[in-house]
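Numbering (the numbering used here), first residue to last: 367 to 817.
A virtual CB, placed ideally from N, CA and C, is assigned to each residue, including glycine.
None of the values given here were measured: they were computed from a predicted structure.
To start, the structure itself, in structure tokens.
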Amino acid sequence: MSSTSLAESRPRPGTTFPSAARRFRRCSELDVLRLLAAVAVVGFHWMFRSATGSDPLATTGFEGVAEYFRYGYLGVDVFFVISGFVILRSAWGRSPGVFLLNRAGRLYPAFWAACTLTALVVTVLPGDRHAVTFGQWAANLTMGSEAFGVTYVDGVYWTLLVELAFYGLVAVGTAFGLTANRVLAGAGIWLAISVGHHYAPMSAGWGRLFVPEWAPYFVAGVGFALLATDGPGTDLSRRQRWAALALTVLSCAWALRLGVSFAGSLTEKYDVEFSGVVVVSVLLATFAVFVLLVNGVSVPGAARVAFLGALTYPLYLVHENIGYTLLTIGTARLGLNRWVVLAIVATVVAALSWALHHYVEDPASRRVSGWTKQLARRRRSHTRRPSLVQLWRRTWPVAPSAAPVSPAPTGSAAAGSAALRPAPDGTLATEANEPRELAAYAGFTSVGRTL
367 MSSTSLAESR PRPGTTFPSA ARRFRRCSEL DVLRLLAAVA VVGFHWMFRS ATGSDPLATT
427 GFEGVAEYFR YGYLGVDVFF VISGFVILRS AWGRSPGVFL LNRAGRLYPA FWAACTLTAL
487 VVTVLPGDRH AVTFGQWAAN LTMGSEAFGV TYVDGVYWTL LVELAFYGLV AVGTAFGLTA
547 NRVLAGAGIW LAISVGHHYA PMSAGWGRLF VPEWAPYFVA GVGFALLATD GPGTDLSRRQ
607 RWAALALTVL SCAWALRLGV SFAGSLTEKY DVEFSGVVVV SVLLATFAVF VLLVNGVSVP
667 GAARVAFLGA LTYPLYLVHE NIGYTLLTIG TARLGLNRWV VLAIVATVVA ALSWALHHYV
727 EDPASRRVSG WTKQLARRRR SHTRRPSLVQ LWRRTWPVAP SAAPVSPAPT GSAAAGSAAL
787 RPAPDGTLAT EANEPRELAA YAGFTSVGRT L
């Protein structure tokens with residue numbers, strides 16, 4: 367893929383926004399940011415989470431260096447900001463059905479394959495993870511097993527339920543039609559719900575629907591999408607742009623507040639200090655990167671590694687429990703050097719991620735995208751009807767405004783036609799039985815009341 371900056375991905379005159387969004391979604395800089403977030407999450411799980419806490423998840427031998435990777439969980443926060451930015455742009459101008467089908471084609475096939483593979487690995491291989499039952503595996507295929515009280519096959523799946531909640535809210539917006547004012551209002555209400563939940567917690571059911579703990583990250587991404595130099599923000603008025611800027615700043619500030627609060631809860635959970643200063647610094651750096659991206663700044667050399675960004679979703683799905691199992695086998699059972707085992711496991715997981723992307727995720731996504739395009743074309747062909755104005759103009763002949771006054775028809779001619787005559791005030795007068803609106807549309811003149 368050639369190096370493409372945000373400035374170069376701006377839509378040309380006459381280009382619709384969805385195509386511009388697709389070009390931006392392949393932006394090298396965004397792929398690099400996604401890749402860094404995925405590597406951070408993998409490091410957190412393999413190096414810190416596996417051997418830290420009262421219930422270690424694996425025997426990896428990295429206890430001595432675990433604390434250096436404890437902030438890798440912030441990669442999930444970065445993922446949510448990226449999702450808010452990308453999903454709004456991909457949903458703009460689409461119907462709810464097309465949007466949800468595209469999202470399902472993007473997420474579910476790779477997830478089903480990864481969930482099945484993970485269940486087989488932890489059940490068959492002798493690691494520290496518990497075997498997966500058939501019922502647990504079947505419930506996980508819905509991507510929302512938590513709602514049924516069923517344990518996840520892999521711990522990272524909880525974020526997918528958060529993503530689905532966000533997609534549901536976006537789908538509701540597409541049902542009404544996404545406009546700048548509606549997006550600003552909806553995102554503002556969602557942010558207010560998040561603030562209210564922090565001080566007056568809502569029930570678990572409403573919490574799954576609105577995911578208030580993670581809402582400011584998505585809202586920040588939405589705000590950056592509106593402020594981008596290519597996209598819906600190109601047509602914002604000055605007032606709308608100021609509103610989008612205020613929404614983005616408030617959501618970023620609230621994300622920092624929740625990030626510090628969550629770091630405190632992790633300190634209690636793992637008995638390891640999570641500095642609020644570090645959390646704020648990482649999140650501020652993330653927001654600064656988005657400020658640069660939406661203003662067209664490019665990163666030299668980003669395209670050289672951007673192709674790896676396509677592997678982040680399957681890597682995220684397969685790295686944790688499969689990685690724990692393989693690390694335990696290599697270090698605890700075979701007694702190999704921990705760094706050699708780490709290199710081997712990283713290579714195996716990267717190969718699995720590439721295979722899932724190449725043989726499952728990408729083909730399925732392309733096929734579903736083709737289906738949605740066919741459905742859209744069929745719908746347009748079946749619903750292409752003339753407008754009311756066109757029907758009226760076909761039925762009622764247009765009378766030239768400068769035409770001379772002709773004598774009124776008599777006899778059968780008067781009964782079979784609806785002649786138009788210019789009135790003294792310059793409008794068109796009609797026979798008594800003719801609707802005034804039709805005469806007005808026939809001559810393109812004003813009418814006294816709104817149609």
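- Judged by DSSP in its simplified three-state form, Thr713 adopts helix.
- Between Pro578 and Ile559, the gap from beta carbon to beta carbon is short of 8 Å.
- Between Pro680 and Ser719, the CB-CB gap stays under 8 Å.
- For Trp503, the enclosing alpha helix (DSSP H) covers residues Phe500 to Asn506.
- With distances taken between CA atoms, Ala586 lies nearest to Phe446 out of Trp572, Leu486, Phe446 and Arg732.
- Per DSSP, Val538 is one residue of the alpha helix (DSSP H) stretching across Trp524 to Phe542.
- Its Cα nearest to that of Leu396, the residue Val663 stands out among Val522, Phe428 and Val663.
- Spatial neighbours of Val655 in its own chain (CB-CB distance under 7 Å, excluding positions within 5 residues in sequence) are listed in chain order as Leu399.
- Going by DSSP, Trp608 is part of the alpha helix (DSSP H) stretching over Arg604 to Tyr636.
- Counting only the Cα atoms, Pro462 lies some 17 Å from Leu575.
- Rounded to the nearest angstrom, the Cβ distance from Ala403 to Phe414 is 16 Å, too far for a contact under 8 Å.
- Within the same chain, Cβ atoms closer than 6 Å to the Cβ of Val408 are found at His685, the five residues on either side in sequence being excluded.
- For Tyr679, the secondary structure class from DSSP, reduced to helix, strand or coil, is helix.
- For Trp556, the uninterrupted alpha helix (DSSP H) run begins and ends at Ala546 to Tyr565, by DSSP.
- Burial is judged here by how many other beta carbons sit within 10 angstroms of a residue's own beta carbon; Ile555 has fewer than 16 and is exposed.
- Approximately 5 Å separates the beta-carbon atoms of Thr484 and Asn687; this is inside 8 Å, confirming the contact.
- By the CB criterion at 8 Å, Thr738 and Asn468 fall inside the cutoff.
- By the Cβ-count criterion, Phe653 is buried, with 16 or more other Cβ atoms from all chains shown falling within 10 Å of its own Cβ.
- Shortest Cα-Cα distance from Trp620 to any of Tyr437, Tyr565, Leu659 and Phe428 involves Tyr565.
- Note on Pro729: under 16 other CB atoms within 10 angstroms of its CB, so exposed under the neighbour-count rule.
- Between the region 501-521 and the region 433-440 there are fewer than three C-beta pairs closer than 8 Å, too few to call the two in contact.
- When DSSP assignments are scanned along the region 415-482, the uninterrupted stretches of alpha helix (DSSP H) that are 4 or more residues long and fall wholly within it turn out to be 440-457.
- Restricting attention to Val536, Leu454, Gly736 and Val671, the CA atom closest to the CA of Leu401 is found in Val671.
- Looking from the CA of Asp443, the closest CA among Ser735, Cys618 and Asp601 belongs to Cys618.
- In the three-state reduction of the DSSP assignment, Thr652 falls in the helix class.
- Exclusion of the five residues before and after Ile448 leaves Leu396, Leu399, Arg400, Ala403 and Gly587 as the residues of its chain whose Cβ lies within less than 8 Å of its Cβ.
- One alpha carbon belongs to Ala551, the other to Val538, and they sit about 13 Å apart.
- Taking the CA atoms as reference points, Ser641 sits about 33 Å from Ser511.
- For Gly689, the enclosing alpha helix (DSSP H) starts and ends at Glu686 to Thr694.
- In this structure, DSSP gives Thr595 a state outside helix and strand, which the three-state scheme calls coil.
- About 5 Å separates the beta carbons of Asp494 and Thr694, which is inside the 8 Å limit, making them a contact pair.
- Between Val706 and Ala479, the alpha-carbon positions lie close to 28 Å from each other.
- Judged by pairs of C-beta atoms under 8 Å, the region 540-551 touches the region 603-612, as three or more such pairs exist.
- DSSP, read as helix, strand or coil, puts Ala497 in coil.
- Listed in chain order, the non-local C-beta contacts of Trp580 below 6 Å within the same chain comprise Phe446 and Val528, local neighbours out to five positions each way being set aside.
- Look at Val519 here: in three-state DSSP terms it is coil, with no helix or strand label.
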